[in-house]
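Chains as they are written, first to last, in my numbering: chain A, -10 to 242; chain B, 342 to 628. Backbone N, C-alpha and C define an ideal beta-carbon position, used for all residues, glycine too. Everything numeric in this text was worked out from a predicted model, so none of it was measured. Here's the structure we're looking at; comments come further down.
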Amino acid sequence: MTTKATRAETCVLACAEAWRGAGEVLASPMGTIPAIGARLAKLTFSPDLLLTDGEALLIGDVPAIGAKAEVVEGWLPYRQHLALVATGRRHVMMGASQLDRHGNQNISCIGDWTRPVRQLLGVRGAPVNTLNNPTSYWVPRHSRRVFVEHVDMVCGVGYDRAAAAGPSATRYHRIAHVVTDLGAFDFETPDRTMRLRSLHPGVTVEQVAEATGFPLTIPDEVPYTREPTDAELRLIREVIDPKGTREREVPPA
Amino acid sequence: MRDKTMTPEEAVGRLRSGMTIGIGGWGARRKPMALVRALLRSDITDLTVVSYGGPDVGLLAAAGKVRKLVSAFATLDSIPLEPHFTAARQRGAFELVELDEAMFMWGLTAAVHRLPFMPIRAGLASDVMRVNPQLRTVRSPYDDGEELAAVPALRLDAALVHLNRADVHGNGQYLGPDPYFDDLFCEAADAAYVSCERIVDTADLLKEAGPQTLLVKRAFMDGVVETPNGAHFTSCAPDYDRDEAFQRAYAQAARDPEAWRAFADRFLSGDEDAYQAAVAAFHKEEA
């Protein structure tokens, strides 16, 4: 009776998978679909995850997007959050204005840093995140503007830069997943460059390659991203995101 | 014990052009906006501003008062990009020392501890090191031999923070969920000024919440300013939330020079009382 998953719902599932097997760590999702994904992971295959209210509280329940938590299980003000990053007990899924094939990410500015064409957020916590806890990325619109040969400012550190900087940089460095509206990606190649891990249903390899501004590693056989089960779809639609905010972040393909 | 109460003008009167000023709060949350507005009305300029940036940074940049900004971001939270900050950066209006959020925290912490730097595993391999060529690394003297970023102390000439309550001596209390880094700002500064929603008797400080909410100590405080709604339009939980309607009007006006002149005339040309009256009138119109 459940209708087929929308593209947004497949993205939610792909994001949720980033936290599979993560254990008792803080899931820090940035963006609507990663937030739904983290909650789905907690309600299904990763019950030990810690979640925040987006501010200073660790919440003990799993409220719908936009609803207030009713159970508080801990206190996590910004300074403790930054310290938690250094402990490694966190898996963050950040956004990326630019991302290269080694996993270097930019959210600071476009153009020359000394006088940018477009000033964006600033580096925020990307440098500390990438060197201390597993980091994944979420890109709601996969395009050549985001997936570039070279990012204008390295905020989040990729594999090549970490390796060049030495053991202190590589010790806890791990870029785990990249999820976009077209597919899921990882860096599980000998040279640690971005690889197409799965295609969202209805997407072709050519489409992904065309929307990517650098050569992707594409295996001979590329599976489709696992679609949500009926139970997972019900959780997404009725429990976590009854207002359908996910469809605004990734409109139906 | 000293009574340190003063007006916003008196607090800002202690500042000088060319100073390094730390501003507490985070993004569009619990910013000492009444003190920032007093600073906008003064002839002080050429500032180095150290801030987890919100509209404090935007307003000071728009007024041409910032020579150098030390920050990891500037945002209005519910509106991701601070419009004056982005415009100022795009026209090269000030020098930027762009640090990671954690580097910033450890820079303040080094200053509090009167240390020259703190070693930290952030910044390495990122372009933060490239765009800040003055940053150095340090090698662990122990067997691990790790090479880490040495974040220099962010020592401040003055700090401005906003809290929910304070007594006249400068003991300050936050009642919201997050202290942000306000105590670090105050302790990293040669002089600190706290504005607050309400001044209360010292004996009443624990009436609303427990002792762990007493965030800043009078030994680090030089002035106490009572400014009800003084963090407006940023949030000051639990006393009030961010004024989203006003923030939208601010961001809208900031995108166009003419609209901004009209906005500044309406809201920023008078003193703090005039500002609060103009805000009340704004909401009457919106209703």
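Straight-line gap, Met(-10) (chain A) to Thr218 (chain A) (C-alpha atoms, nearest Å): In this prediction, Met(-10) (chain A) has a pLDDT of 45, which is less than 50 and means its spatial position is unreliable; nothing more can be read from the coordinates.
Chain B within 8 Å of Gly63 (chain A), Cβ atoms only: No, because no Cβ of chain B sits closer than 8 Å to the Cβ of Gly63 (chain A).
Residue span of the beta strand (DSSP E) that contains Tyr126 (chain A), given as start and end: It spans Thr124 to Val128 - the beta strand (DSSP E) in which Tyr126 (chain A) sits, taken as one unbroken run.
Mind checking the region 187 to 219 of chain A against chain B and listing, in chain order, the residues whose C-beta falls within less than 8 Å of any C-beta there? none
Members of the region 95 to 113 of chain A that neighbour chain B once the beta carbon cut-off is set at 8 Å: Ser97, Cys98, Trp102, Thr103, Arg104, Pro105, Val106, Arg107, Gln108, Leu109, Leu110, Gly111, Val112 and Arg113
For a minimum of 3 consecutive residues, which ranges assigned as the beta strand (DSSP E) are wholly contained in the region 89 to 148 of chain A? 124 to 128
Would you mind sorting Pro474 (chain B) into buried or exposed? The rule is 16 or more other CB atoms within 10 Å of its CB. exposed
Which runs of the beta strand (DSSP E) spanning at least 3 residues fall entirely within the region 50 to 92 of chain A, listed in chain order? 61 to 64 and 79 to 84
Does chain A have any CB closer than 8 Å to the CB of Asp441 (chain B)? yes
Which residue marks the beginning of the beta strand (DSSP E) containing Asp389 (chain B), and which one marks its end? Per the sequence presented here, residue 389 (chain B) reads as Thr, with Asp not at that position. Segment Leu388 to Ser392, the beta strand (DSSP E) holding Thr389 (chain B).
For Thr119 (chain A), collect the residues of the same chain with a Cβ closer than 6 Å to its Cβ; drop the 5 residues on either side in sequence, then sort them by chain order. Residues of the same chain with a CB within less than 6 Å of the CB of Thr119 (chain A), apart from the 5 flanking positions on each side, are Gly145 and Val146 in chain order.
Which of the residues in the region 359 to 381 of chain B, read from start to end, lie with their CB under 8 Å from any CB of chain A? Trp367
Taking a Cβ distance cut-off of 7 Å, strictly less, list which residues of the region 12 to 23 of chain A are near chain B, in chain order. Interface annotation for the region 12 to 23 of chain A against chain B: empty, criterion Cβ-Cβ distance under 7 Å.
Alpha-carbon spacing of Ile362 (chain B) relative to Ile385 (chain B), whole angstroms: Straight-line Cα distance between these residues: approximately 12 Å.
Do Ser392 (chain B) and Ile364 (chain B) have their C-beta atoms closer together than 8 Å? Yes, these two residues count as a Cβ contact at 8 Å.
Give me whichever residues DSSP pairs with His646 (chain B) in a beta bridge. Nothing about residue 646 (chain B) can be reported from this structure: the residues present for chain B run from 342 to 628 only.
Whether or not the region 404 to 418 of chain B and the region 434 to 442 of chain B are in contact is what I'm after, with contact meaning three or more pairs of Cβ atoms, one per stretch, closer than 8 Å; do they touch? Using a Cβ-Cβ distance cut-off of 8 Å, the region 434 to 442 of chain B and the region 404 to 418 of chain B are in contact, since at least three pairs of beta carbons, one from each stretch, lie closer than that value.
Contact set for Val137 (chain A): own chain, Cβ-Cβ below 8 Å, skip 5 residues either direction: Gln87, Leu88, Asp89, Gly202 and Phe203
Any C-beta of chain B sitting closer than 8 Å to the C-beta of Cys0 (chain A)? No, because no Cβ of chain B sits closer than 8 Å to the Cβ of Cys0 (chain A).
Taking the beta carbon of Ser412 (chain B) as the centre, do at least 16 other beta carbons fall within 10 Å, making it buried, or is it exposed? buried
Burial state of Trp64 (chain A), where buried means 16 or more other Cβ atoms lie within 10 Å: exposed
Alpha helix (DSSP H) segment containing Tyr534 (chain B), residue limits: Unbroken run through Tyr534 (chain B) is the beta strand (DSSP E), Ala530 to Ile540; no alpha helix (DSSP H).
Segments of 4+ residues assigned as alpha helix (DSSP H) that fall wholly inside the region 401 to 447 of chain B: 424 to 431
For the region 522 to 529 of chain B and the region 498 to 513 of chain B, state whether three or more C-beta atom pairs, one from each stretch, are separated by less than 8 Å. Pairwise C-beta distances place the region 522 to 529 of chain B in contact with the region 498 to 513 of chain B, as three or more of them are shorter than 8 Å.
Using a beta-carbon distance below 8 Å, is Ser86 (chain A) in contact with chain B? So no, Ser86 (chain A) is outside the interface.
Whole beta strand (DSSP E) elements within the region 490 to 577 of chain B, 3-residue minimum: 497 to 507, 530 to 540, 555 to 557 and 564 to 567
By a C-beta neighbour count over all protein chains shown, 10 Å radius and 16 as the cutoff for buried, is Ala5 (chain A) buried or exposed? buried
Environment of Gln553 (chain B) [buried if 16+ CB atoms lie within 10 Å]: exposed
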